[in-house]
Structure formats: structure tokens, C-alpha cells
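**Student:** Chains as they are written, first to last, in our numbering: chain A, 50 to 359; chain B, 32 to 382; chain C, 37 to 553.
Beta carbons are placed, not taken as given, at the ideal position from N, Cα and C, and that holds for glycine.
The following block contains the structure:
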């Protein structure tokens with residue numbers, strides 16, 4: 050490859066990386082809170098779907114993207130309440146409930162989409178959040194394209210990650226979360242309401258997951274498609290583990306996955322590439338497997354009470 | 032003397048789903064609310080569904096045909112779940128079984144029927160078991176969480192299938208993304224013509240019974256249940272936990288692979304991109320619904336088969352999207368949980 | 037729940053718990069009408085066997101359980117406590133038997149845990165550290181607020197727990213069996229410290245089942261048995277014998293009948309055994325020992341000095357390194373450890389509920405946990421339920437285990453009966469080498485006596501026994517020789533002469549560094 054095309058390839062890949070990482074990052078940050086409090090939510094995928102559909106239908110009907118985002122958050126909160134009711138109050142097996150959520154998310158969004166949109170004959174696309182070209186910065190060669198021409202939901206992750214880190218490590222609430230996920234009985238005897246702490250953590254998790262889903266329709270694709278999340282919820286779960294249950298770790302790992310997604314897209318778009326596209330599509334999933342395998346040497350431990358009802 | 036009191040056992044398995052009817056009722060009610068909100072008449076929709084499932088003999092046999100893969104998968108998953116291995120990867124294992132069976136049915140098509148037919152099924156088992164044990168291996172060797180790995184392996188299996196049916200194995204005319212038909216020597220016999228009811232259904236019933244006996248009547252089953260209930264105590268008792276994780280993944284993967292092979296050898300006769308409409312995920316609910324009892328899976332499998340079969344007719348006749356059934360299934364699982372009928376991995380008393 | 041008067045009838049007491057009833061699902065009646073009166077500034081012992089209801093009573097006071105009925109008066113007023121937060125607000129502090137500290141947090145974080153509203157930003161931790169250091173100096177507790185709790189020794193963690201209560205301004209301090217995890221000298225030190233606190237005006241409730249401690253530290257003592265109060269007496273007006281009779285309800289046989297035997301040939305020997313713990317740190321740092329026929333080798337030590345890892349390694353449950361290991365003259369490799377139980381070794385594990393039993397399984401299924409694959413319990417791979425049931429019934433009558441139905445979940449049995457099932461299962465294998473870890477922890481006196489007698493009977497029958505126990509009394513009562521373990525090494529060997537308890541205590545604290553061999 051010659052230099053200029055190579056640079057352009059790199060530029061477009063890196064520019065896509067952050068964008069591709071964003072939905073996973075939202076879900077993963079939320080899941081960090083949930084898991085730090087001891088609740089494993091494998092229903093992220095279904096909740097992201099519900100968030101995506103809520104955002105899409107609201108934005109489509111009202112023409113207002115912000116209302117769509119709010120609808121997604123509300124749907125995430127409802128899912129979170131139900132999820133916490135089952136896993137915290139009823140103390141049901143978290144994996145079972147999560148699996149049920151994935152089915153429900155798939156079923157209800159698919160049903161509503163087909164009932165209201167798929168065959169309605171309407172033009173189904175939305176006007177998505179547009180890239181905000183930051184003045185001056187966006188015209189820097191190379192870097193401008195990579196870093197400064199994204200939409201607001203992508204930029205927002207720059208606030209989200211430090212904010213999450215601050216809450217988790219510098220506030221009394223964060224301290225409670227970390228205690229509850231590690232040794233709930235100790236937290237209980239210290240006067241912390243374990244159930245309430247877990248409820249709130251789960252709600253943070255599900256509403257961020259719903260925002261991650263909403264990103265896909267409001268700021269990435271311009272319409273809803275059945276199963277649009279395509280495993281990002283599950284990948285977010287792996288991201289949390291590999292990121293060592295910390296917000297910054299989740300950010301780093303999400304960006305790593307963003308690279309795989311972006312590469313897959315870019316290579317597919319290239320003419321005369323002989324690799325079958327299915328292998329490229331499989332890349333993020335293969336990467337997830339490799340990442341989990343690579344974890345063997347690391348000594349970051351999961352929260353001790355993860356998955357155990359109290 | 033395993034067969035003694037079998038009638039009683041069967042009744043007990045039926046009882047183990049004695050409360051789930053209430054759960055199903057609640058799920059259907061919630062489904063009705065969603066239907067109503069979406070502007071459909073729930074009564075019309077459910078009537079179409081009911082008729083689709085039970086109108087006549089053909090409808091009923093179609094239910095049993097739909098139930099067949101669910102019974103295979105559910106019975107296998109019951110073993111994995113009893114071992115506390117959360118195998119969410121039956122979907123991918125189904126695909127691998129279907130791939131292996133199709134390959135054998137096409138490339139070894141000249142073999143005589145008496146050899147080819149069982150060979151196709153065996154290779155299906157092998158394909159699924161291999162895919163399942165891969166996740167087991169990753170868990171044992173690297174501590175990789177099986178929930179995540181099996182899901183990733185699902186996607187990878189589906190992409191492999193997509194690659195095969197558009198590339199190396201595409202039918203000779205090359206028109207559609209599908210393989211050519213497998214040799215007739217590999218076809219599973221159908222009985223009760225003109226319906227499509229096939230030998231696979233009987234095999235599924237047998238597998239459920241065999242896995243029930245394995246789980247509750249043999250030392251292997253004791254071992255699996257011990258590992259699933261208290262792995263530390265199992266290790267203390269001299270049980271190799273990792274081997275049993277592999278075994279449970281092998282059994283559940285093999286059962287899912289067999290389901291894939293049977294689907295190819297009895298229904299579709301070929302492989303195509305989306306040969307499974309999500310059987311692997313339905314199988315999870317099928318097993319959980321009856322507290323991971325392989326015998327109970329027969330009932331829940333038929334129930335979910337009826338839901339699925341009925342929903343297709345509902346889509347055709349009442350124009351109601353059939354994916355609704357997925358939601359109803361999820362609600363069924365939640366309702367069962369809510370009623371406390373489902374007791375995680377704690378054993379219900381057997382014997 | 038009956039009406040409680042708004043004020044206590046008797047203002048003489050800082051705490052008055054009146055007619056407390058508490059039962060649990062499953063029918064256990066933990067408290068059956070307990071009335072407890074505690075004077076301000078006294079050390080009040082709550083004495084009773086395991087299962088007498090002491091901890092439950094104090095957990096009610098601390099807001100962890102809700103009583104079925106009964107009234108609590110504190111400082112003259114009716115006290116409504118719904119959760120530990122209420123207790124802390126009323127200046128009641130509790131040091132639990134199992135420490136309530138989060139290992140991954142620092143000492144300071146543990147101390148302020150739950151003290152602030154959620155939105156509070158923790159930007160003042162430096163001040164917290166200073167205050168903790170100041171208090172630590174004032175009380176001579178030697179606590180570093182910035183350390184992670186998981187890096188502290190058991191004794192240090194206990195001091196953190198006490199400091200936590202004092203930091204929250206407790207003027208009633210409850211301690212639940214605090215000396216169980218300490219060396220005799222550390223216990224001594226703790227008791228003196230509590231006396232100082234009481235002299236400053238703190239009221240202390242001290243839960244224990246050790247008579248000497250009651251005699252040494254308390255002003256008054258309330259004895260509980262089977263969830264009822266047997267009586268409250270002034271310590272100065274009673275004696276251990278009377279207390280023991282109150283506690284158990286009959287004269288206690290303090291002496292086990294231990295016959296003199298002549299140890300035979302060496303059954304088990306290991307040289308330079310090294311084991312790492314779950315965090316990868318070396319927990320057993322090269323120990324060597326041998327156990328002979330007809331001999332009990334006791335390993336004494338404070339919990340957490342490598343005993344757990346030693347036992348797990350010998351049972352083949354965690355990885356280890358060694359120079360040489362022999363069982364019955366045969367040289368063993370690391371690989372053999374996984375099948376030692378097939379070569380005549382039995383193992384009563386430290387934690388019966390986590391390791392020794394499968395709680396949701398039936399009593400019968402638990403009896404064959406190690407033998408279900410063998411004839412007659414299975415044949416050609418099929419379980420033979422008739423044989424399993426028959427065997428279980430015979431074991432139950434032989435070991436006098438109280439069980440309603442052998443098909444019932446073993447989780448429903450009392451701790452003592454559960455332990456008897458484990459012991460019956462292990463001893464029935466007629467082991468050549470028997471590894472026993474904390475055999476009587478948390479079980480009642482009757483079961484304790486029985487289990488100890490069974491261990492002695494095995495010795496007399498010719499087994500070589502390795503006994504690990506944090507209970508010094510048990511070690512001295514059963515052992516023929518005693519090794520003292522401290523920080524993964526043996527500090528030396530002593531004979532089981534009661535006069536040497538003092539010396540063993542020093543060795544347990546790592547003081548008398550006389551290495552073995």
C-alpha cells in the first residue's frame with residue numbers, strides 16, 4: 050500500500066473506532082456499577098434492544114431526538130426495576146432472569162417493530178445526531194477527522210467515564226456499592242441498605258445500557274432493525290471483565306473492540322479483498338473469545354458477592 | 032429395575048410442571064395486553080394460535096415436529112444447568128451439528144442407508160459436542176465465563192454457516208444461499224403419512240428418558256449434580272470438577288448437535304443460513320420451565336412447540352407478528368421464577 | 037407483639053431486654069423468653085453453649101433480626117431498632133465473630149462505611165486518617181488507617197473492629213466470642229483492654245463459652261441454655277463448676293478417657309512441604325513432620341497461620357511442593373495426592389457446610405459422598421438406592437445421629453448432627469491416616485464429646501491422626517504430641533502437658549522461636 054491511501058485507511062478506521070466503541074462503552078459502564086454491587090446482568094442485550102426501540106419510536110413519532118433519548122432512559126429504568134425486583138427482592142438466579150430479559154427484549158421489540166413500522170410503507174429513517182465539527186480542531190489534518198468530528202453522544206463518553214470513576218471511588222455512594230458487591234453482610238451491619246444500593250446500581254446499569262441501545266438508532270444507524278444490537282450487550286459483559294470492573298478499564302477495552310468493529314467495516318468496504326465477509330463479521334466475537342482467554346494471567350478479581358443474592 | 036414405577040415417575044414429571052400452567056396463563060395475559068396495545072384483538076390472535084396448533088392431526092404433528100429440537104436441546108441443557116454450567120450456546124451447537132450432518136449427507140451420500148443414516152446423526156452429535164466442549168475447555172483452562180463464550184461461539188457458528196452456504200457448499204445451481212440436498216440415504220423415515228412426523232421425534236423422547244435416568248439413577252448423574260450443587264464438596268469427594276464440566280458441555284452440546292442433524296435429515300434435507308429460528312434459546316426456557324428435569328422437558332418442549340407452531344399460523348391468518356412468542360416465552364420464565372416454582376440449581380427430590 | 041411501656045420500669049439498668057422471643061423458619065426457637073439486664077459500666081458475660089441463643093439475642097439488639105415479641109429498654113427508654121444503623125445511632129457497637137470488614141477496602145474506608153449520606157464526596161479522608169491514628173494511639177491499638185483490610189492479620193482486624201465501634205462513639209460494646217481467633221497472650225491482652233474501657237465508663241457485653249474468661253473479666257454473668265435464661269449471677273459469687281453446670285444442665289465430664297498407647301511405625305511423613313494460598317502468597321513455608329500408628333499429632337495455632345492450606349494440600353485440593361512424602365511406606369508423588377482418599381486416607385474438613393456436605397442433598401446421599409461409585413452403592417454405573425438407604429440407617433443408629441427421615445435435606449440437621457454425619461462417613465472407611473481439621477467447631481457439647489471420643493477410638497484402633505485445631509483445650513485433650521504453627525512454619529514441638537499451655541501460647545504468637553527438628 051502506498052503512503053497516502055494507507056494513512057487514509059488508518060484515519061477512517063480510527064475515526065470509526067471511537068464511534069463503534071460508544072454503544073458498548075455506555076452499556077459496559079452501567080454494568081460496572083451493577084456488577085460492583087454484586088448483580089450480574091446478562092440481559093444487557095435485551096435491554097439495549099428495548100432502549101433502541103423506545104428511542105427510535107419516540108424520536109420517529111415526535112421528530113425529537115432528545116425525547117427519544119429520554120424515552121430510552123425511561124425504558125431502561127422500567128427494565129431495571131423489574132430486573133432488580135427479580136434478582137434482588139425475589140433473589141432469583143441472575144443468569145436465568147437475564148436470559149429471560151434477552152428473550153423479552155428480542156420478542157417485544159421485534160413484535161412492535163413489525164406491528165407498527167416494518168410493513169407500514171412509511172419512510173423509516175430518522176435524522177440522526179449530526180457530527181459536531183469542533184471549530185479549528187476538526188480541521189487539523191488526520192487528528193481532526195479521528196477525534197473532532199463526532200456527534201454529541203460520542204463526545205459525552207468523555208464526561209461519562211470520569212464521572213463514573215468519580216462516583217465509584219470518591220463518593221460515599223460509590224464506597225457503599227463497592228462494599229455491597231464484596232461483602233454485603235459487612236455493609237449491612239455498617240448500616241447500609243444492601244437492597245436499595247443494589248436497586249440503584251442495577252438502575253444505573255440498565256439505563257446506561259438503554260442509552261447504548263439508543264445510540265445505535267439516534268446516532269449511528271438512522272433506523273431500527275430487528276436485533277440491531279447484534280451481540281453488543283454480550284460484548285459489553287466481556288468488556289467489564291477485561292476492564293477489571295473499573296470505568297477507565299472499560300473505556301480502554303471498549304476502544305479495543307471499537308478497533309475490531311471499525312477494521313471489519315473498513316476492510317469490507319475495500320474492493321478486491323478476498324477474505325469472505327463472514328469472517329470479518331465474526332472478528333469482534335472472535336476477539337471477545339481471545340480477550341477472555343488472555344485474561345488467564347491477570348489477577349484482577351471479580352467482586353466477591355457477584356451473582357449471589359443477599 | 033429402572034423401569035419400575037415408570038408411570039409414577041411420569042406423573043411426577045407432569046406434576047413438576049403442575050404450577051407452570053399458571054405461569055403460562057400469566058404470560059399469555061401479558062401477551063394479550065401487548066397485543067391489545069398494538070391494536071390487535073387478542074382473542075382472534077390466540078384463537079388463530081390455538082387452531083394453528085391443534086386444529087387437526089396435521090397441526091398436532093406439526094407441533095410435535097417443532098417440539099422435537101426443543102426436547103433434544105432442553106433435555107441436554109437440563110444436564111448442563113444441573114451441573115451449574117450456563118450453556119447459552121445451544122444455538123451455535125445446533126448449527127455445528129447441522130453442518131456436520133449436512134456435510135456427511137452430501138459428501139458421503141453413496142454410503143448405504145443403514146450406515147449413512149446413523150452416521151449423519153452421530154456426526155451431528157460430534158459437531159455439537161465439540162462446539163460445546165470448546166466452551167468447557169476455555170472455562171477450565173482459562174477461566175473464561177461460559178455465558179459469554181457460548182454466546183460468542185453462537186455468532187461464530189452462524190457466520191461459519193453463512194460462509195459455507197454462500198461459498199464452498201453452495202448448491203450446484205448457485206441460485207440460493209443454501210447447500211444441495213443431502214443423499215436420500217440419510218433421510219430419517221417419516222411415519223403417519225401424509226404428515227411429516229418423523230423418527231426424530233421418537234429419538235427425542237428416548238433421549239429425554241435416557242438423560243433423566245442418567246441424571247437421577249446413575250453415579251455419573253450423582254457426580255454431575257454434586258458438581259453443580261457444591262463444586263468444593265465435589266472436589267473434596269475426589270470428583271474431577273473440570274472433567275465433569277467438559278462432560279456436561281459435551282452432553283448438552285451433543286444433544287443440540289443431534290437436534291441440528293435431525294432437522295437436516297428429517298425436515299429441510301439441506302443446510303441454509305437461518306436453519307434455526309432460535310431453537311437454542313427456546314431450549315433454555317424449555318429446560319428452566321420444568322426445573323431442569325429432562326423428563327419434564329418433554330412436556331415443556333411440546334408446549335413451546337405448540338406456541339411456535341401456533342404463532343406461525345397466527346401470523347398467517349391473523350397477521351400478528353410471530354416474534355411475539357419470544358416475549359411470551361421470556362414472560363413464562365419470569366413468571367415461573369416469580370412463583371418460586373423454579374428453584375435455581377437446588378435439586379427437587381428424586382427417589 | 038405486646039405493648040411495651042415507653043419507659044423502663046427499672047432505671048437501674050442501662051439495657052433491659054424483656055421477654056425476648058425469636059424463632060426461625062424451620063422451627064428453630066433461638067430465644068424463648070429471654071430477659072437480660074445490664075448495668076452501666078459493667079462487663080457482662082453472656083455464657084452458653086453453641087446454639088444457646090447468645091448471638092441471636094445480641095443480633096436482635098444490634099438490629100440484624102427482628103424479635104417475634106419482647107421489649108428492649110436502653111438508657112431508660114423504650115428502644116426501637118430496625119437495622120444496624122439505628123443501633124449505631126444509639127451508640128451500640130458490635131464486634132462480630134466473623135469480622136464485618138470488607139477486605140478490599142482500606143481500614144479507614146471500612147470505618148466510615150455507611151456513615152455519610154450517599155452524595156457525600158469523600159474528599160476529607162486525610163482528616164479521617166488523622167482521627168483514626170489519634171484514637172489508635174490513645175487506646176494503644178496500633179492500627180494503620182491506610183492499609184487494606186485483606187493485608188491485616190486476624191488480630192489486627194479485630195482491633196479495627198473495636199476501633200470502628202469506638203470511632204462511632206459506642207458506649208455499649210458487644211463482643212461475640214472475640215478470643216476464639218487469638219493466642220492466649222493476645223486474649224489476655226484483649227481482656228485487660230476491655231477492663232480499661234469499662235473503667236472509662238463503657239458498658240461491655242461479652243459473649244463466650246469459655247469459663248475461665250468469664251471468671252477473669254466479667255462483673256456479672258448471664259447463662260443461657262436452649263434459648264432460655266438459666267440465671268444471672270455476680271462473678272465474684274460463683275465458680276467455674278457451678279457455671280458449667282448451669283450452662284450444660286448436668287455435671288460436665290471435663291476429662292476425656294485417654295488411654296496410654298505405644299505409637300507404632302510411621303504411617304505418614306512429609307518433608308519440606310510448601311503451599312501457596314489463593315492469593316499466591318506462600319502460606320506453608322517448608323514444614324516437615326511424621327505421624328505414627330496409634331498416635332494423634334496435634335497442630336496448634338491461631339487460625340490463618342497456614343493450617344487451612346496445609347490441610348487442603350494434604351487432601352490434594354490445592355497445589356503444593358515437597359521434597360518427599362510417604363504413606364504407609366509408599367513414596368508419593370504430587371499426582372498421588374488426588375487419590376489419597378483411595379489409598380486409606382480420610383479427611384474431616386474444616387468447613388463441613390462448604391466442603392464436607394452437599395447441603396441440598398439428602399442425608400442418605402451425603403453418607404455415600406465418597407463411596408457412591410463403589411459397590412454396593414452402585415452397580416454397573418447405576419445407583420442402588422436400597423443399599424444406600426440401608427447403609428445410612430445403620431450409620432445413623434451406630435453414631436446416634438438425630439434425623440427425622442434419611443431422605444430429608446441434610447441442611448435441616450443441626451450443626452452437631454451434620455458433623456456427626458461427616459465423621460461417621462470418614463471414620464467408617466477405617467483409615468490408616470486420618471486428617472481432622474477443627475472437628476468440633478460450632479457444635480454443642482454433647483456432639484463435641486462424642487466426636488472426640490470417636491477420634492480417640494480411631495487412634496486406639498491403630499490409625500495415624502493429624503489433628504488441626506485452633507481450640508487449645510482440644511489440642512491438649514486429644515494429642516500425643518503437639519506442633520505449634522505460626523506464619524507457615526512450626527515453632528517447635530511440645531508434649532500435651534497442661535503446664536505448657538503458657539509456652540504454647542507464646543509459640544502461637546511467634547515468640548519462642550525454637551524451630552522444629
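1. Determine contact between the region 139-157 of chain A and the region 90-97 of chain A, defined as no fewer than three beta-carbon pairs at a distance below 8 angstroms.
2. Is residue 416/C close to chain B, meaning its C-beta is less than 7 angstroms from at least one C-beta of that chain?
3. Can you give the Cα-Cα distance for residue 447/C and residue 77/A, rounded to whole angstroms?
4. Does the Cβ of residue 67/A have 16 or more other Cβ atoms within 10 Å, making it buried, or fewer, making it exposed?
5. Buried or exposed for residue 75/A, please, with buried defined as at least 16 other CB atoms from any protein chain shown within 10 angstroms of its CB.
6. Chain A beta carbons: is any one of them nearer than 7 angstroms to that of residue 383/B?
7. Using a C-beta to C-beta distance shorter than 7 angstroms, which residues of chain B count as neighbours of residue 408/C?
8. How about residue 318/B and residue 105/B: do their beta carbons lie closer than 7 angstroms?
9. Closer than 9 angstroms by beta-carbon distance: list the chain C residues that pair up with residue 221/A, in chain order.
10. If you reduce the DSSP assignment to three classes, tell me which class residue 51/C lands in.
11. For a cutoff of 7 angstroms on Cβ pairs, would you count residue 466/C as touching chain B?
12. Any idea which residues DSSP pairs residue 58/C with across the strands?
13. Compute the Euclidean distance between the alpha carbons of residue 223/B and residue 311/A, then round it to the nearest angstrom.
14. Give the range of the alpha helix (DSSP H) segment to which residue 116/B is assigned.
15. Might you give, ordered along the chain, the residues of its own chain that have their beta carbon closer than 7 angstroms to the beta carbon of residue 84/C, omitting 5 neighbours on each side?
16. Would you check if the region 53-66 of chain B and the region 265-272 of chain B touch, i.e. whether three or more CB-CB distances between them fall below 8 angstroms?
17. Closer than 7 angstroms between beta carbons: that is the criterion. Which residues of the region 380-392 of chain C meet it against chain A?
18. How would you list, in chain order, the residues of chain B whose beta-carbon sits under 8 angstroms from the beta-carbon of residue 477/C?
19. Ignore the nearest five residues each way along the sequence and tell me which others in residue 329/C's own chain have a CB closer than 7 angstroms to its CB.
20. According to DSSP, simplified to helix, strand and coil, what is residue 248/A?
21. Which residues, in order along the region 57-82 of chain B, keep a beta-carbon less than 7 angstroms from a beta-carbon of chain A?
22. Under a three-way DSSP split, which group does residue 237/A fall into?
23. Compute the Euclidean distance between the alpha carbons of residue 233/C and residue 49/C, then round it to the nearest angstrom.
24. Is there a Cβ from chain A that is less than 7 angstroms from the Cβ of residue 238/C?
25. So what does DSSP say about residue 185/A, is it helix, strand or coil?
26. If I measure Cβ to Cβ from residue 83/A and keep anything under 6 angstroms in the same chain, skipping five residues before and after, which residues do I get?
27. Along chain B, in chain order, which residues have C-beta atoms closer than 8 angstroms to that of residue 163/A?
28. With distance defined between alpha-carbon atoms, name the residue in 508/C, 525/C and 467/C nearest to residue 535/C.
29. Hey, could you find the ends of the beta strand (DSSP E) residue 107/C is sitting in?
30. In whole angstroms, what separates the C-alpha of residue 115/C from that of residue 483/C?
31. For the beta strand (DSSP E) that residue 321/C lies in, which residues bound it at each end?
32. Do residue 60/A and residue 191/A have their C-beta atoms closer together than 7 angstroms?
33. Is residue 382/B helix, strand or coil when you go by DSSP?
34. Extract the residue ranges of the beta strand (DSSP E) inside the region 125-163 of chain B, only unbroken runs of 3 or more that lie entirely within it.
35. Do you know offhand how far residue 197/B's Cα is from residue 316/B's?
36. Have a look at residue 118/C and residue 103/C and give me their C-alpha separation to the nearest angstrom.
**Tutor:** Reading it off the structure:
1. yes
2. Among the CB atoms of chain B, none fall inside 7 angstroms of the CB of residue 416/C.
3. 38 angstroms
4. Here residue 67/A is buried. Its C-beta has 16 or more other C-beta atoms within 10 Å.
5. Residue 75/A is buried by the Cβ-count criterion.
6. In the structure as shown, chain B starts at 32 and stops at 382, and residue 383/B therefore has no counterpart that could be examined.
7. 250 and 253
8. yes
9. 148, 149, 150, 151, 152, 153, 154, 155, 156, 157 and 158
10. When DSSP states are grouped into helix, strand and coil, residue 51/C belongs to the strand group.
11. No, because no Cβ of chain B sits closer than 7 angstroms to the Cβ of residue 466/C.
12. Looking at the DSSP assignment, residue 58/C forms a beta bridge with 67/C.
13. 53 angstroms
14. Per DSSP, residue 116/B belongs to no alpha helix (DSSP H) and is neither H nor E.
15. Counting only residues of its own chain and dropping the five nearest sequence neighbours on each side, residue 84/C has a CB closer than 7 angstroms to the CB of 90, 245, 259, 260, 261 and 283.
16. no
17. The region 380-392 of chain C vs chain A, Cβ under 7 angstroms: nothing.
18. Within chain B, no residue comes near residue 477/C; the closest Cβ sits about 17 angstroms away, beyond 8 angstroms.
19. Answer for residue 329/C: 299, 300, 301, 303, 498 and 500, listed in chain order.
20. helix
21. 65 and 69
22. Of the three classes helix, strand and coil, the one that applies to residue 237/A here is helix, per DSSP.
23. 18 angstroms
24. no
25. coil
26. 90, 250, 251 and 254
27. 352 and 354
28. 508/C
29. 105-110
30. 38 angstroms
31. 318-328
32. In this structure, residue 191/A lies closer than 7 angstroms to residue 60/A by Cβ.
33. At residue 382/B, the pLDDT of 29 sits below 50, so the modelled position is not reliable; the number obtained from the coordinates is stated separately. If DSSP states are grouped into helix, strand and coil, residue 382/B belongs with coil.
34. none
35. 32 angstroms
36. 10 angstroms
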